[in-house]
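If you read the sequence shown in our numbering, its first letter stands for residue 14, the second for the next number, and so on.
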Amino acid sequence: MSAIIRIKEIEDEMARTQKNKATSGHLGSLKAKLAKLRREILEPKGGGGGGGGDGFDVNKVGDARVGFVGFPSVGKSTLLTKLTGTFSEAANYEFTTLTCIPGIVRYRGARIQFLDLPGIIEGAKDGKGRGRQVISTARTCDLILIVLDCLKPLTHKRIIEKELEGFGIRLNKKPPSITFKKKDKGGINFSSVIKEPIVDLEGAKAVCAEYRIFNADIFMAEDYEIDDLVDVIEGSRVYIPAIYAVNKIDQCVAVPLPCALMKRLPGGALPQITLEELNVMDRLPHYCPICAFHEWNLDGLVEMCWDYLDLVRVYTKPKGKLPDFNEPVVMHRGQCTVEDFCNKIHKNFIKQFKYALLWGQSAKHRPQRVGKDHIMMDEDIVQIVKKV
Numbered sequence: 014m015s016a017i018i019r020i021k022e023i024e025d026e027m028a029r030t031q032k033n034k035a036t037s038g039h040l041g042s043l044k045a046k047l048a049k050l051r052r053e054i055l056e057p058k059g060g061g062g063g064g065g066g067d068g069f070d071v072n073k074v075g076d077a078r079v080g081f082v083g084f085p086s087v088g089k090s091t092l093l094t095k096l097t098g099t100f101s102e103a104a105n106y107e108f109t110t111l112t113c114i115p116g117i118v119r120y121r122g123a124r125i126q127f128l129d130l131p132g133i134i135e136g137a138k139d140g141k142g143r144g145r146q147v148i149s150t151a152r153t154c155d156l157i158l159i160v161l162d163c164l165k166p167l168t169h170k171r172i173i174e175k176e177l178e179g180f181g182i183r184l185n186k187k188p189p190s191i192t193f194k195k196k197d198k199g200g201i202n203f204s205s206v207i208k209e210p211i212v213d214l215e216g217a218k219a220v221c222a223e224y225r226i227f228n229a230d231i232f233m234a235e236d237y238e239i240d241d242l243v244d245v246i247e248g249s250r251v252y253i254p255a256i257y258a259v260n261k262i263d264q265c266v267a268v269p270l271p272c273a274l275m276k277r278l279p280g281g282a283l284p285q286i287t288l289e290e291l292n293v294m295d296r297l298p299h300y301c302p303i304c305a306f307h308e309w310n311l312d313g314l315v316e317m318c319w320d321y322l323d324l325v326r327v328y329t330k331p332k333g334k335l336p337d338f339n340e341p342v343v344m345h346r347g348q349c350t351v352e353d354f355c356n357k358i359h360k361n362f363i364k365q366f367k368y369a370l371l372w373g374q375s376a377k378h379r380p381q382r383v384g385k386d387h388i389m390m391d392e393d394i395v396q397i398v399k400k401v
């Protein structure tokens, strides 16, 4: 029996099973089996050519990478062309883009690489179309831009999220604060700061048993689902922020069309969305309504990308000279210590480091003498003093 058929059977059984304390162990075991089967599909055994998990061969350039993911003909190629000036063929038929097209946007001193990926279809995570290549490349991005058609945004959103989830991508989530440690003996020890957690000892044992783990310590700092425990044991998950760009809002109308007019729409065209529906979309978290063809709200989209990327710009100041505000060193939040800054310039630069003089938000006084572990903030100015 193929893995895809077994996955379908397990998903059907999970849909039939009621969620309660009595079934938590059984559901945990099913979810662990599901994760293992999906891993087998993504990482097939044997040395067959082609490697299903390989992405497109596109060099990562710039300070951050943003990937466009969406169904065919939702406007990804037009969006890349309007944002970056890089030509990506666009036409009124599906699968116009058959490979990954990169483009660069310069914004606030940072160089952001945008990738126009081919359209994906339902079942991409199971190998349909070029879905595995698209999603493998999406795993390497710092931000995923999910491009949706404004006429059916929720339908496309659910399918795309399911495909990305099946490939181990977790959107707009933080890694769970779960400590999992294998040991030689003592059985499964489970503890949580929550009095009545969603995952109990029986559920944790069922998941561990599926992985043939019978001795381990598990500690949950918050209340988590069984899926989060499975993710921690699997260990191959990536947590990436995502923005839903709702495209083609030029099809919006001020009031709903009357039934008589809808019947006269040419070629059986779908009715357009109303301003009220568009306003609702605009208020949803992580959503950004745009029209790539008319360049509506593209500035707002790029600014939203900048906020989600959470980059830190640090300006260099040579001794006795003014700071260089034209070419900042750009780092990711969480990896912006003085040592990270030195490694960004050159891998051997830290060996010559003595101390640094710092101006900016992270400095208590100006200049402040700091060591290599000091965490810098956006638009700090730094001067490195080397050993003699």
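Just so it is clear, CB atoms sit at the ideal spot from N, CA and C, and this is done for glycine as well.
If you're wondering where the values come from, they're calculated on a predicted model, not measured in any experiment.
Taken in chain order, the whole beta strand (DSSP E) runs of length 3 or more contained in the region 116 to 201 are 123 to 129, 156 to 162, 182 to 184 and 191 to 195. Taking the Cα of Ala255 as reference, the smallest distance to any Cα among Ile182, Gly199, Asp312 and Ile239 is reached at Ile182. If you draw a straight line from the Cα of Val71 to the Cα of Lys377, it is about 42 Å long. Residues of the same chain with a CB within less than 7 Å of the CB of Met317, apart from the 5 flanking positions on each side, are Ile256 and Cys301 in chain order. Boundaries of the beta strand (DSSP E) around Asn339: Asp337 to His345.
In its chain, beyond the 5 residues on either side, Ile207, Pro210 and Ile211 have a beta carbon closer than 7 Å to the beta carbon of Asp236.
By the beta-carbon neighbour count (other beta carbons within 10 angstroms, threshold 16), Lys34 is exposed. Distances from the alpha-carbon of Ser375 to those of Leu322, Gly88, Ile394 and Phe366 put Ile394 closest. Rounded to the nearest angstrom, the gap between the Cα atoms of Asp320 and Leu164 is 27 Å. Counting C-beta pairs closer than 8 Å gives fewer than three between the region 304 to 317 and the region 166 to 179, which falls short of the contact rule. Beyond the five residues adjoining it in sequence on each side, Lys46 comes within less than 7 Å, by CB distance, of Ile23 and Glu223 in the same chain, given in chain order. Nearest to Asp162 by C-alpha distance, out of Ile17, Leu291, Lys367 and Gly199, is Leu291. Considered as a whole, the region 358 to 386 harbours 366 to 372 and 381 to 383 as its complete beta strand (DSSP E) runs of no fewer than 3 residues, in chain order. Taking all protein chains shown into account, Gln146 has 16 or more neighbouring C-beta atoms within 10 Å of its C-beta and is therefore buried. In its chain, beyond the 5 residues on either side, Phe362 and Ile363 have a beta carbon closer than 8 Å to the beta carbon of Asn356.
In the structure shown, Val398 falls within a strand segment according to DSSP collapsed to helix, strand and coil. CA-CA distance, Gly88 to Ala258, rounds to 10 Å.
Secondary structure of Met233 (DSSP, three-state): strand. Rounded to whole angstroms, Gly41 and Asp197 show a C-alpha spacing of 23 Å. In this structure, DSSP gives Asp393 an extended state, which the three-state scheme calls strand. Annotated as distal: Arg152 and Phe127, with beta-carbon spacing of 9 Å or more.
Contact between Val327 and Phe306 does not hold, since the beta-carbon distance rounds to 38 Å and is not under 8 Å. By the neighbour-count criterion, in which a residue is buried when 16 or more other Cβ atoms sit within 10 angstroms of its Cβ, Asp129 is buried. Judged by DSSP in its simplified three-state form, Arg296 adopts helix.
Under DSSP, Ile388 shares a beta bridge with Thr350. Apart from the 5 residues on each side of it in sequence, Lys400 sits with its Cβ closer than 6 Å to the Cβ of Gln365 and Lys367 in its chain, given in chain order.
Membership of Tyr252 in the beta strand (DSSP E) is indicated by the continuous run Val251 to Ile253. Looking at the DSSP output, Val82 shares a beta bridge with Ile159. In this structure, Glu176 and Gly144 form a Cβ contact; the two beta carbons are roughly 7 Å apart against a cut-off of 8 Å. Across the set Gly347, Asn260, Leu324 and Ala369, the C-alpha of Asn260 shows the shortest separation from the C-alpha of Asp295.
By the neighbour-count criterion, in which 16 or more other beta carbons inside 10 Å mark a residue as buried, Val245 falls on the buried side.
For Arg29, the uninterrupted alpha helix (DSSP H) run begins and ends at Ala16 to Arg29, by DSSP.
DSSP, read as helix, strand or coil, puts Ile262 in helix.
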